[in-house]
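Enquirer: In full-length UniProt numbering, the protein residues as written are 1 to 238.
Ideal placement from N, C-alpha and C gives every residue a C-beta, glycine not left out.
Laid out in structure tokens, this is it:
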């Protein structure tokens, strides 16, 4: 929703930027991965906008200021009502800064690039999987271990064939929506941002299994590809 707020603010009116801080605030209250996916998605859209015009540069600065302000306010509020959650989120920022600026893997990053990276032992299992998931809390953890990485869980569930069908369908759907959308939507790079969000979210979680992130992005993609088309038809008939 944060990406949509940016898109609408850039193309339909500045009033839509006011949705962005609330989206960021909700993400801060619920977890850390959402901030990372949002940041990468923002980066793609903002760089394109920033390079397009001086006005775009000012819009990027405004968005960054609003986002940072509400993150700070959200963290301050969270510290007062949920100190443990506040500490957990801040530790995530510290781990991220350590990874980016020092190359040091700490906390979740150490697990995501270490013990969580596990693979089937036989070629046949690579192709068809084991029919189980290895996310934390499953009985299969006893035999295979534990991994929170969505790609690993999909591999264990149905192998390369299952992953090809699953990811191929998602890519085909977003690609079709992108082709049907108008020039403004295509130039905004929002569909590329959707793809980046899905990649990151599925590395730290199970996007396909939970369905919420995946369904939302496909639904938004459908809306972006049909609404402008309807508007174009109305304009042509006027």
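Taking residue 138 as part of the alpha helix (DSSP H), name the residues at either end of that continuous run.
Expert: Here residue 138 belongs to no alpha helix (DSSP H), and DSSP marks it neither H nor E.
Enquirer: Which residue wins for smallest C-alpha separation from residue 67, given the options 22, 106, 195 and 94?
Expert: Residue 22 is the option with its Cα nearest to residue 67.
Enquirer: Check residue 150 in the structure and name its three-state DSSP category.
Expert: Reduced to three states, the DSSP call for residue 150 is helix.
Enquirer: Is it buried or exposed for residue 154, if we count other Cβ within 10 angstroms and need 16 for buried?
Expert: Buried, by the Cβ-count rule.
Enquirer: Between residue 99 and residue 89, is the Cβ-Cβ spacing less than 8 angstroms?
Expert: Against a cut-off of 8 angstroms, the Cβ pair of residue 89 and residue 99 comes out as no contact.
Enquirer: Let me know the secondary structure DSSP gives residue 9 once reduced to three states.
Expert: Reduced to three states, the DSSP call for residue 9 is helix.
Enquirer: For residue 209, tell me which candidate among 196, 151, 59 and 187 has the shortest Cα-Cα distance.
Expert: The candidate whose alpha carbon is nearest that of residue 209 is 151.
Enquirer: Does the separation of the CB atoms of residue 177 and residue 130 fall below 8 angstroms?
Expert: For residue 177 and residue 130, no; Cβs fall outside 8 angstroms.
Enquirer: With distance defined between alpha-carbon atoms, name the residue in 220, 80, 161 and 43 nearest to residue 173.
Expert: Selected option, being the one with the closest Cα: 220.
Enquirer: Nearest-angstrom Cα distance between residue 137 and residue 125?
Expert: Looking at the two C-alpha atoms, the distance is approximately 22 angstroms.
Enquirer: Applying the criterion that 16 or more other CB atoms from any shown protein chain within 10 Å of the CB defines a buried residue, is residue 237 buried or exposed?
Expert: In this prediction, residue 237 has a pLDDT of 39, which is less than 50 and means its spatial position is unreliable; what the coordinates show is noted afterwards. Exposed is the call here.
Enquirer: Among 72, 183, 47 and 194, which has the Cα closest to the Cα of residue 61?
Expert: When only C-alpha atoms are compared, the closest one is 47.
Enquirer: Could you pull out every residue in the same chain whose Cβ sits closer than 6 angstroms to the Cβ of residue 41, ignoring the five residues on either side in sequence?
Expert: The residues are 3, 193, 196 and 197.
Enquirer: Roughly how many whole angstroms lie between the Cα atoms of residue 14 and residue 185?
Expert: Between residue 14 and residue 185, the C-alpha separation is close to 17 angstroms.
Enquirer: May I ask you to list the residues that DSSP assigns as paired with residue 205?
Expert: Note: residue 205 sits in a beta bridge opposite 149.
Enquirer: Please say whether residue 97 and residue 147 have beta carbons closer to each other than 8 angstroms?
Expert: Not in contact: residue 147 and residue 97 (Cβ atoms no closer than 8 angstroms).
Enquirer: Is the distance from the Cβ of residue 145 to the Cβ of residue 134 below 8 angstroms?
Expert: Against a cut-off of 8 angstroms, the Cβ pair of residue 134 and residue 145 comes out as a contact.
Enquirer: Closer than 8 angstroms by C-beta to residue 207: which residues in its own chain qualify, once you throw out the five before and the five after it? Chain order, please.
Expert: If we look at residue 207 and ignore the five residues flanking it on each side, its Cβ neighbours are 150, 198, 201, 213 and 214.
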